[in-house]
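Residue numbers (the numbering used here), protein chains in the order written: chain P, 1 to 263; chain H, 1001 to 1501.
Structure, as structure tokens:
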């Protein structure tokens, strides 16, 4: 299986241009809102976090991880992990100071934003995108068509940006979960659906994506072993990531507690 | 005013004496725990139907279900118990809601891994650690074994976080760990009362936190070589080491459930009887003794292991007997004395508390018999063992936990208990007793445990048990309905403005 891994970088000009365009767009909005934010540190952090998110996207897709995604399912899964669990929350962390007060958005965009960041909608959208794209026909299509492959990655990035929003946003912000109980329920719901998919992949007795057994040098046996590694790469780091999310986003709930401990 | 006339809602958990955020987290523990109990109970019913010959489950599925039912039930009842004890101490001790929520997420992550490993991965090795199990099952892969290890790892970690938090919170609230354990009072034989004594439930919270830390640590230690073996770093794990540590972990977790929920009796029963249950010297002595004794009695599961040092075997027998004495003399007799002629109104919660005492006594007696070496050598691999632990789980720990949740709702909810709930509590006792009795009868007739397929002559016991299980299910359905309809109002009542301590 390791023999199939090739150390190479995959330069993708369209992606690079798109990332630069997004960064320029974000920078423009950021520069305009810096005056409004009135907090230099918060403002600089927002730019740094958003930019880091884009760098992670570039690394996931163009580094040897992404360059091997059509040879090894495990590398493809690692690529998805980076997009969903690292790039997406970084982008949300960067965007929150700009979008927390969404009043400057045009009305249709604002309505869509408010709708999509509702926790139930956010969870449903991210879950649907994750599961639909892992269905063998959709996954197979993405492996054979570069444009579809790009759409698949964009779906993960957008879907999980929507998922992370209610957790990362302050309780007072649009979509922000209001209580610790709601945050815990939301985290467990997210962890359960992605964990179930990962478990199904890890414990499957047959190859889900025949493409990987047809790669030169591969066989059904190596593809199955690779698939198990891919599932494990989603299962275990995913669990740890959701726990980290719990530690970072479950706050001391000042508004929902009282401290009249009497003896 | 007699206890019958006095409103229950006045004292147990009045909202102005609780930390609302911690109380809500505690309630979430109880609901998550009891919800999981219902699902695991359903799996248990499927196994009993299979043993009765009324449903055919393949052996591979039987062992998957058995593994999930066993580990899931231990984790679920313990979770409900942890929620109960946190709620009980939160009325006087500042707890961090954040710490409780994070521990819950970690714990539930572990539960998720156990479910995935068994239902999806096909793991069916139970607690067995002798080679080639648990890694090399015929019907499951190494990945499934790794997933179950991960599940146990996260459950142990969640328990550890919870217990460490409780230990620190109680030590801080009382000034030191020694004061939280009432040591000055204890070692002066009750003469030195300079320190403010912890309430019994607070003392019990400290005791179980110490044993919980020990159990969780044992679980984490046990997993290290198993992970190393799975990854090929070591070729084999010492079986005796693994068996001792897995039982120190799992058996203590099961024991913790009953001892924690016994602490809830101290918290709630005085409210119903109208009589105080203070920290007397016998209470302090009994619960301090339980710290070492609870960690010793697991060894009675290793009598059949010839390699186990004789000293450990004797310690297992002595520990199993010794742990029963403080429990029985102090808690059970104390509770019965509290109830006797108190004029207590027998609503659902007191009925379940009384059933819990009954179940604890009979389950404990069954355990004592199993801990007796000559009896153990004949009975240990029969259904006698499931009989005793089902007795103190279903009729002990679970009854106590349900009773405590009902008593919380009595205090916090503005919706009164339904008329049929009292009958449901009695039904719970009848269904539970009949179901468990058939386990005891099966054990006494040498029906083996952990057998997926039962001979026709064994099936009669399970067939008699089935209607009782249905009664139990009916009562649980009613109790769940009552809890569900009153829970929202209690949840809202727990919420009060302020700041977290």
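For every residue, glycine included, the Cβ atom is placed at its ideal position computed from N, Cα and C.
Residue i: contacting residues in chain H (beta-carbon distance under 7 Å)
i	result
residue 246 of chain P	1102 and 1105
residue 188 of chain P	1105 and 1108
residue 223 of chain P	Neighbours of residue 223 of chain P on chain H: none; closest Cβ ~15 Å, over 7 Å.
residue 195 of chain P	1112 and 1116
residue 243 of chain P	1105, 1106 and 1109
residue 21 of chain P	Per Cβ cutoff of 7 Å: no residues; residue 21 of chain P is ~38 Å from chain H at best.
Interface residues of chain P facing residue i [CB-CB closer than 7 Å]
i	result
residue 1144 of chain H	203
residue 1120 of chain H	199, 200 and 203
residue 1268 of chain H	Going along chain P, no residue has its Cβ under 7 Å from residue 1268 of chain H, so there is no contact; the nearest lies around 18 Å.
Proximal residues of chain H, C-beta to C-beta of residue i below 9 Å
i	result
residue 191 of chain P	1105, 1108, 1109 and 1112
residue 88 of chain P	Residues of chain H passing the Cβ test: none, with the nearest at roughly 20 Å.
residue 45 of chain P	Simply none; closest approach about 23 Å.
Partners in chain P for residue i, counting only beta-carbon separations shorter than 9 Å
i	result
residue 1150 of chain H	235, 236 and 239
Range covered by the alpha helix (DSSP H) that runs through residue i
i	result
residue 152 of chain P	146–168
residue 123 of chain P	119–134
residue 102 of chain P	Premise fails: residue 102 of chain P is in no alpha helix (DSSP H) and is neither H nor E.
residue 1305 of chain H	Element bounds for residue 1305 of chain H: n/a, residue is neither H nor E.
residue 1250 of chain H	1239–1273
residue 202 of chain P	180–203
residue 1224 of chain H	1200–1230
residue 1287 of chain H	1281–1296
residue 1361 of chain H	1348–1371
residue 65 of chain P	64–67
residue 220 of chain P	220–249
residue 1322 of chain H	1310–1326
residue 77 of chain P	73–81
residue 111 of chain P	107–116
residue 1337 of chain H	1333–1339
residue 1183 of chain H	1183–1187
For residue i: DSSP bridge partner residues
i	result
residue 1448 of chain H	H:1382
Of the listed residues the options, nearest to residue i (C-alpha basis)
i	options	result
residue 1117 of chain H	H:1137, H:1130, H:1309 and H:1103	H:1137
residue 1078 of chain H	H:1216, H:1148 and H:1182	H:1216
residue 1046 of chain H	H:1440, H:1452 and H:1481	H:1452
residue 1192 of chain H	H:1284, H:1170 and H:1234	H:1284
residue 1206 of chain H	H:1291, H:1410 and H:1148	H:1291
residue 1220 of chain H	H:1150, H:1460 and H:1201	H:1150
residue 1293 of chain H	H:1275, H:1282 and H:1211	H:1211
residue 281 of chain P	P:213, P:86, P:222 and P:16	A query on residue 281 of chain P cannot be resolved here, the shown segment of chain P reaching from 1 to 263 and no further.
residue 1298 of chain H	H:1457, H:1314, H:1288 and H:1286	H:1314
residue 1504 of chain H	P:202, P:3, P:56 and P:75	The requested residue 1504 of chain H does not occur in the structure, where chain H is confined to residues 1001 to 1501.
residue 52 of chain P	P:82, P:227 and P:67	P:82
residue 47 of chain P	P:92, P:113 and P:184	P:92
residue 5 of chain P	P:218, P:168 and P:239	P:218
residue 1066 of chain H	H:1049, H:1082, H:1248 and H:1391	H:1049
residue 129 of chain P	P:119, P:158, P:143 and P:112	P:158
residue 1115 of chain H	H:1145, H:1267, H:1318 and H:1470	H:1145
residue 7 of chain P	P:72, P:189 and P:55	P:72
residue 190 of chain P	P:99, P:18, P:163 and P:10	P:163
residue 1052 of chain H	H:1488, H:1042, H:1379 and H:1454	H:1454
residue 1165 of chain H	H:1360, H:1208, H:1364 and H:1250	H:1208
residue 1408 of chain H	H:1391, H:1054, H:1090 and H:1036	H:1090
Chain-ordered neighbours of residue i on chain H, where CB pairs are closer than 8 Å
i	result
residue 184 of chain P	1028, 1101, 1104 and 1105
residue 228 of chain P	1141 and 1143
residue 170 of chain P	Within 8 Å Cβ-Cβ: nothing; residue 170 of chain P doesn't reach chain H, min ~16 Å.
residue 135 of chain P	Per Cβ cutoff of 8 Å: no residues; residue 135 of chain P is ~17 Å from chain H at best.
Neighbouring residues, chain P, relative to residue i (Cβ below 8 Å)
i	result
residue 1216 of chain H	Those within 8 Å of residue 1216 of chain H in chain P number zero; the least Cβ separation is about 16 Å.
residue 1349 of chain H	Per Cβ cutoff of 8 Å: no residues; residue 1349 of chain H is ~24 Å from chain P at best.
Unbroken stretches of the alpha helix (DSSP H), 4 residues or longer, contained in the stretch 1387–1412 of chain H: The stretch 1387–1412 of chain H is shown to contain whole alpha helix (DSSP H) runs of 4 or more residues at 1398–1412, in chain order.
Please list the segments of the alpha helix (DSSP H) lying wholly inside the stretch 1420–1495 of chain H, counting only runs of 4 or more residues, in order along the chain. Here the runs fully enclosed are 1456–1493.
Ordered list of beta strand (DSSP E) runs contained in the stretch 1023–1085 of chain H, each at least 3 residues: Within the stretch 1023–1085 of chain H, no complete beta strand (DSSP E) run reaches 3 residues.
With a floor of 4 residues, list each alpha helix (DSSP H) that falls wholly inside the stretch 1096–1179 of chain H, ordered by position along the chain. You should have 1097–1115 and 1142–1174.
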